[in-house]
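Residue numbers (our numbering), protein chains in the order written: chain A, 1206 to 1588; chain B, 10 to 397.
All C-beta atoms, glycine included, are put in the ideal place defined by N, C-alpha and C.
Model, not experiment: these values are computed from the prediction.
Only one structure is covered here, and it is reproduced in the block below.
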Amino acid sequence: MNERVAIVGVGWIGFRPTTPELSYKELMYEAAVRAYNDAGVDPRRDIDSFVTVAEDFNEGTSIFDEYVPDQLGGVLKPVHTIPGDGLHGLISAYMLIRTGLCDVITLEAHSKASNLLTHSEVTAYAQDPVINRPLRLNTHFVAGLEMNRYLHETGTTREQCAIVVTKNKYNALDNPSAAYAADLTVEDVLSGPSLSWPLGMREASKPADGAVVMVLASEKKATYLGDKPIWILGVGWCNDSPSLESRDWAQAVYAQKASQMAYRQVGIASPNQVIDFVEIDDTYAYKELQALEALGFCLPGEAGVLTEEGYTTPDGDLPVNASGGSLGMGHLLDATGLSRALEVVLQLRGEAGRRQLKDVNVGLAQSWRGVPTTSGAVAVLSN
Amino acid sequence: MGMRKVAVVGAGMTKFVRRAQETPKELSWQATHLALESCEMTMDDIDAVCMGTAPDAFDGIHMKGEYLSNGAGAWRKPYIRSYVGGGTGVFVPIQGWYHIASGLFDVVLVVAEEKMSSYYPHAQGAFLTIFDHTTERPLKPNLLWIFAMEMNRYMTTYGISKEDIAPVSVLHKRNAADHPCALLADPDITVEDVLNSEVLAWPVQRLDVSPVTDGAVTIVLAAEHVAKRVTDKPVWIEGVGWNLDTAYWTNRDLAYPRYVEYAARQAYEMAEIKEPRKEIHIVEPYDPFDYKALHHLEGLQLADRGTAPRLYADGTAARNGNMPVCPSGGLLGVGNPIAAAGLMKVAELFWQLRGEAGDRQVPGQPRRGLAQAWGDLMQVGTVVIMGR
Chain A
1206 MNERVAIVGV GWIGFRPTTP ELSYKELMYE AAVRAYNDAG VDPRRDIDSF VTVAEDFNEG
1266 TSIFDEYVPD QLGGVLKPVH TIPGDGLHGL ISAYMLIRTG LCDVITLEAH SKASNLLTHS
1326 EVTAYAQDPV INRPLRLNTH FVAGLEMNRY LHETGTTREQ CAIVVTKNKY NALDNPSAAY
1386 AADLTVEDVL SGPSLSWPLG MREASKPADG AVVMVLASEK KATYLGDKPI WILGVGWCND
1446 SPSLESRDWA QAVYAQKASQ MAYRQVGIAS PNQVIDFVEI DDTYAYKELQ ALEALGFCLP
1506 GEAGVLTEEG YTTPDGDLPV NASGGSLGMG HLLDATGLSR ALEVVLQLRG EAGRRQLKDV
1566 NVGLAQSWRG VPTTSGAVAV LSN
Chain B
10 MGMRKVAVVG AGMTKFVRRA QETPKELSWQ ATHLALESCE MTMDDIDAVC MGTAPDAFDG
70 IHMKGEYLSN GAGAWRKPYI RSYVGGGTGV FVPIQGWYHI ASGLFDVVLV VAEEKMSSYY
130 PHAQGAFLTI FDHTTERPLK PNLLWIFAME MNRYMTTYGI SKEDIAPVSV LHKRNAADHP
190 CALLADPDIT VEDVLNSEVL AWPVQRLDVS PVTDGAVTIV LAAEHVAKRV TDKPVWIEGV
250 GWNLDTAYWT NRDLAYPRYV EYAARQAYEM AEIKEPRKEI HIVEPYDPFD YKALHHLEGL
310 QLADRGTAPR LYADGTAARN GNMPVCPSGG LLGVGNPIAA AGLMKVAELF WQLRGEAGDR
370 QVPGQPRRGL AQAWGDLMQV GTVVIMGR
C-alpha cells in the first residue's frame, strides 16, 4: 500500500467562453502536454493508469470514454472514466495509487460548454423522468427554490449573496485564466434581470471551455517527479437524496458529510485553525455561503455576515475563491471541481502570480455537481 | 507492504427480462436488497457505494448515476459511478476493489443496473451516437454492422466457419436453462437453429446475438477482517486488469483483441498466475455475440489464436468439461443488460466457487475463476480473477 499521494504536475488550457479553433480532443492534448512537462514524465513510459472525467450528455456522444485515450497517451493502457465531478476523478486516482497497484496516474477533466447551445435544457434531463420531468422544471428554477429556502431558514440576505459575486469577479481580475472577471458593485448585481426569484441572472456562473490535467504519484515516485509535490491529506465525498421531494433544501448536507470524512482522515477538529484558504463551489452565489457553513467554517446564517465583513476576501482571515471561482473563471461543467483543486495547487506552490496568498500551507477544494444533484466532494491539500 | 485483501461476501440479482415494469431505481434496489440479505447485512454496514451503468441515452437521463444513487443505497454515503462502456460490468467490481484496497473503507456495495427497454423503438438507437461525430456518424453505422465486420475478419483470418461458431450459442443458451433469472434459456436449441435464424448483418444472425434486456446485479465487497467475520466462504479478488485501445478502431486488426490480452496479463500478474490454462478453472468471457466468447478466450490466453472453437467441439467448454465456459448461460442465455450482465458473471463466479450455483454447479470444487467484459468501440477489456 502507498500511504501518501501527491499531485506532481498540473497543466490546463483556458478558460474562455468559447474556443472555436480547438476541439475537445485538442483541449485535452494541450493540457496534458503541459502537465507532463510540469511533472517531467513521458506518458508512454511513466504513467501506469489514466482516469478521465466526463458525462455523455455534456459531450453529445454516448459512451464518451471511447474518445479519451489517444490525446492523453493512454492507448493500450489501463484507462477508466468517472462520470462525476473532477474531484471524484481526483479521489479515484488517489485511491488507485493507495492500493499499491499503480504509482503514477494521469487525471483529466474538461469542458467544451460552448458546444451546448442551451445547457439548462440538457441538465433538465437530469430530473426524475417519472415524477419531476412532466412538471417541466427549468434547472435555474430549482436553484431559485433552493436559494429561497436557504435565505428563509438562515436569515441571509440577497445583498450578502450579491457580495459573493462582486468579490469573486473582482478576484478574477488578477487571474489570467478567468473568463468572466469584472469590477461590479452590489447594485450592479441586484439590478440585473431575475433568473428565478430570488436568484438573479448575475448571481449564476456562466459556462466556459477548458481542460485540466494533473499527474498524481505515490510518495516514492513523487520525490523525484516535479519540483513541488502537493500532498493529498484527505478526501471526502457524499450523495444526499437525489429526489427533490425528500432533501434538505436549506443546508448542503452532502458537503457537510464529505468534509467531515476528509477532516477525519487529516485529523482536523476545527477547520478554521488548520485550513488557510478554500476554493469552493459558487455555481450560484448563494452556494458559496451555503458551502462555507456546511464545511464547518461558521454556523448556519453566519457566512453572509462574514462575507459582508470582508472575512472571505484575499486579505481576510479565510480567503474564499481567490481565483475568482466559477463566477469569475467560468463554470467548467465536469471539470469545475478540478479547476478549484488546480487553484489550490498553484497557491500552495506559490505560483498564483498576482493573486498569490501569503503564508498558505493547507487548502481545501470543494465541488457540487449542480442541479438537481446533491452530490459533492472535498479534498484537503498541503505543500 | 502487500496489498490489502478484498473478498466478495454477498451477491444478488433481479430477473433479467425484456421489459421490466420497475424503474431503474427500483431494479437497483431489488438487487441491492437481495445482496445485503445474502450476507445478512443492512445499509448501516455499508461504508460506500460504487455504481456501474452504461450510456445515459438508454434511459434518457442526464447524470444517470446521480439519479440512481438512492436506489443503489447511496443515501448520505460516498458514491461514485465508473464507466468503460460495455466493459463497465466487470470494471465496477475493480472500482469496489480499489475503494477497499486503498484502506479508506471496509465494506462497499457494488451495483450494476441497466434498463434498455425505455429506448423506443429499440436500444440500438442509443448506439447511433457512440460514433465519431465527424468521421463516422455521417455514415450511420450501427453496432451490428461493426461487429459483423469484426466477426467476418475473425472468421476470414483463421478460416473459421459459421458451423464452428454456432455451438457457442447452443451451449450458452442451454446452460441458461438452469439459471432462475435467465431471459432466453432454451434447453433444446441446435446448431441448425442458429444457422437458420434470420440474418441481421452477415455473418451475424439472430441467434448469434444476445437479447436486449433489463436487470440489475449487486455484490458486497469486504476487507479481510470483515469478510472472515461475516462468512465461512469468502471469495477473494485475486487479480484485476483493464485496458483501453485507441478510439480509431478502423486502424487496427479486428482479428485479435490485444486490449483483452493486456488486461488479462495485468490480472494474471497480480494473481501470480503463470499458466492460465491450468490455473483458471471456470471462465466467464463476455459473450454478447457467440464469436465474441471465442475471440475473448484467445485474448485471455486460454486458447491459441484461431483455435477457441475446439474448446466447444471437444467438450472442454461444457459445464462438466475441463474448463467450463459461461456455466451461467452468459449474455447469450441469461440476457445482456450491459453493465449488469458483466457483474452477473462476477456473481456467477461467487456462487460457483462457494458451491452455491444449484443446477448450474460446476463439478470438482473449482478453486479459481475469471470474468471478463468488453466494450466501447471494440476497444476495452476488463478482467477480474476470483478464488477461494
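Quick one: residues in its chain with C-beta nearer than 6 Å to the C-beta of residue i, no 5 flanking neighbours on either side, listed in chain order?
i: R162 of chain B; result: L263 and A264
i: P1434 of chain A; result: A1211, V1213 and A1427
i: T166 of chain B; result: A264
i: A194 of chain B; result: A185, A186 and G342
i: Y1491 of chain A; result: M1352, Y1355 and C1366
i: Y76 of chain B; result: I70
i: E1507 of chain A; result: none
I believe residue i touches residue j by the beta-carbon criterion, under 8 Å. Please report the beta-carbon distance rounded to the nearest angstrom.
i: N252 of chain B; j: Y277 of chain B; result: In fact, because the Cβ distance is near 13 Å, the residues do not count as touching under 8 Å.
i: L1227 of chain A; j: L1543 of chain A; result: Not confirmed; about 18 Å, so no contact.
i: V4 of chain B; j: D299 of chain B; result: For residue 4 of chain B there is no data in the structure shown, the boundaries of chain B being 10 and 397.
i: D296 of chain B; j: L340 of chain B; result: 5 Å
i: K86 of chain B; j: I55 of chain B; result: 7 Å
i: W1442 of chain A; j: I89 of chain B; result: 7 Å
i: A1236 of chain A; j: W1217 of chain A; result: 5 Å
i: E159 of chain B; j: M395 of chain B; result: So it is not a contact: roughly 28 Å between Cβ atoms.
i: A1540 of chain A; j: L1292 of chain A; result: That belief does not hold up - the Cβ atoms of A1540 of chain A and L1292 of chain A are roughly 10 Å apart, past 8 Å.
i: G1219 of chain A; j: A1413 of chain A; result: 6 Å
i: I1480 of chain A; j: V1567 of chain A; result: 5 Å
i: L1532 of chain A; j: N1373 of chain A; result: 4 Å
i: M60 of chain B; j: V229 of chain B; result: With 8 Å as the limit, M60 of chain B and V229 of chain B do not qualify as a contact, their Cβ atoms being about 14 Å apart.
i: P266 of chain B; j: G105 of chain B; result: That belief does not hold up - the Cβ atoms of P266 of chain B and G105 of chain B are roughly 25 Å apart, past 8 Å.
i: L1395 of chain A; j: R1363 of chain A; result: 6 Å
i: G373 of chain B; j: L362 of chain B; result: In fact, because the Cβ distance is near 12 Å, the residues do not count as touching under 8 Å.
Could you spell out where the alpha helix (DSSP H) holding residue i opens and where it closes?
i: H108 of chain B; result: T97 to A110
i: T1371 of chain A; result: R1363 to N1376
i: V1565 of chain A; result: It is not in any alpha helix (DSSP H) - V1565 of chain A carries neither H nor E in the DSSP assignment.
i: T68 of chain B; result: Inspection of the sequence shows that residue 68 of chain B is occupied by Asp rather than by Thr. D65 to D68 is the extent of the alpha helix (DSSP H) around D68 of chain B.
i: L1340 of chain A; result: Neither: L1340 of chain A is in no alpha helix (DSSP H) and is coded neither H nor E.
i: W360 of chain B; result: I347 to R363
i: L340 of chain B; result: G339 to G342
i: D54 of chain B; result: That residue, D54 of chain B, is in no alpha helix (DSSP H); it is neither H nor E in DSSP.
i: I394 of chain B; result: Unbroken run through I394 of chain B is the beta strand (DSSP E), V389 to G396; no alpha helix (DSSP H).
i: Q133 of chain B; result: Q133 to F136
i: G21 of chain B; result: Element bounds for G21 of chain B: not the alpha helix (DSSP H) but the beta strand (DSSP E), V15 to M22.
Output yes or no for whether 9 Å exceeds the beta carbon distance between residue i and residue j.
i: V26 of chain B; j: G248 of chain B; result: no
i: V1576 of chain A; j: A1318 of chain A; result: no
i: T32 of chain B; j: V1335 of chain A; result: yes
i: L153 of chain B; j: V213 of chain B; result: yes
i: R328 of chain B; j: V371 of chain B; result: yes
i: P1505 of chain A; j: E1271 of chain A; result: no
i: G1600 of chain A; j: L1494 of chain A; result: Because chain A is modelled from 1206 through 1588, residue 1600 of chain A falls outside the range shown and cannot be assessed.
i: A1607 of chain A; j: A1496 of chain A; result: As displayed, chain A neither begins before 1206 nor continues past 1588, which places residue 1607 of chain A out of reach and without an answer.
i: A1584 of chain A; j: V1440 of chain A; result: yes
i: S91 of chain B; j: R13 of chain B; result: no
i: E123 of chain B; j: A63 of chain B; result: yes
Using a Cβ-Cβ cut-off of 7 Å (strictly less than) and excluding sequence neighbours within five positions of residue i, which residues of its own chain qualify?
i: A380 of chain B; result: V99, E293, K354, V355, L358 and V393
i: P1476 of chain A; result: Y1468, L1500, G1501 and F1502
i: S1325 of chain A; result: N1343, T1344 and H1345
i: E1513 of chain A; result: Q1365 and I1368
Give me, in chain order, the residues of the same chain whose beta-carbon lies closer than 8 Å to that of residue i; leave out the 5 immediate sequence neighbours on both sides.
i: R146 of chain B; result: L137, T138 and F140
i: D65 of chain B; result: H71, M72 and K73
i: P1222 of chain A; result: S1319, A1384, Y1385, K1411, P1412, A1413, D1414 and G1535
Could you check where the beta strand (DSSP E) with residue i kicks off and where it finishes?
i: K124 of chain B; result: V116 to K124
i: T1541 of chain A; result: Here T1541 of chain A belongs to no beta strand (DSSP E); instead the alpha helix (DSSP H) covers T1541 to R1554.
i: R1469 of chain A; result: Unbroken run through R1469 of chain A is the alpha helix (DSSP H), V1458 to V1471; no beta strand (DSSP E).
i: N1444 of chain A; result: I1435 to N1444
i: A1422 of chain A; result: D1414 to S1423
i: F1482 of chain A; result: F1482 to E1484
i: R183 of chain B; result: Looking at the DSSP string, R183 of chain B is not in any beta strand (DSSP E); the run it does join, the alpha helix (DSSP H), is K171 to A185.
i: I89 of chain B; result: Y88 to S91
i: W401 of chain B; result: Absent from the model: residue 401 of chain B. The displayed extent of chain B is 10 to 397, so no value can be given.
Requested in this report: Could you name each continuous alpha helix (DSSP H) segment of 4 residues or more that falls completely within the segment 1251-1334 of chain A, going from the start of the chain to the end?
Outcome: Counting only runs of 4 or more, we get 1261-1264, 1274-1277, 1291-1304 and 1324-1328.
Query raised in the report: Which whole runs of the beta strand (DSSP E) in the segment 274-334 of chain B are 3 residues long or more, in chain order?
Result: 291-293
**Report entry** Ordered list of beta strand (DSSP E) runs contained in the segment 219-274 of chain B, each at least 3 residues
**Finding:** Counting only runs of 3 or more residues that sit fully inside the segment 219-274 of chain B, the beta strand (DSSP E) segments are 223-232 and 244-253, in chain order.
Query - Any alpha helix (DSSP H) of 4 or more consecutive residues that is wholly inside the segment 1214-1254 of chain A - result: 1229-1244 and 1248-1251
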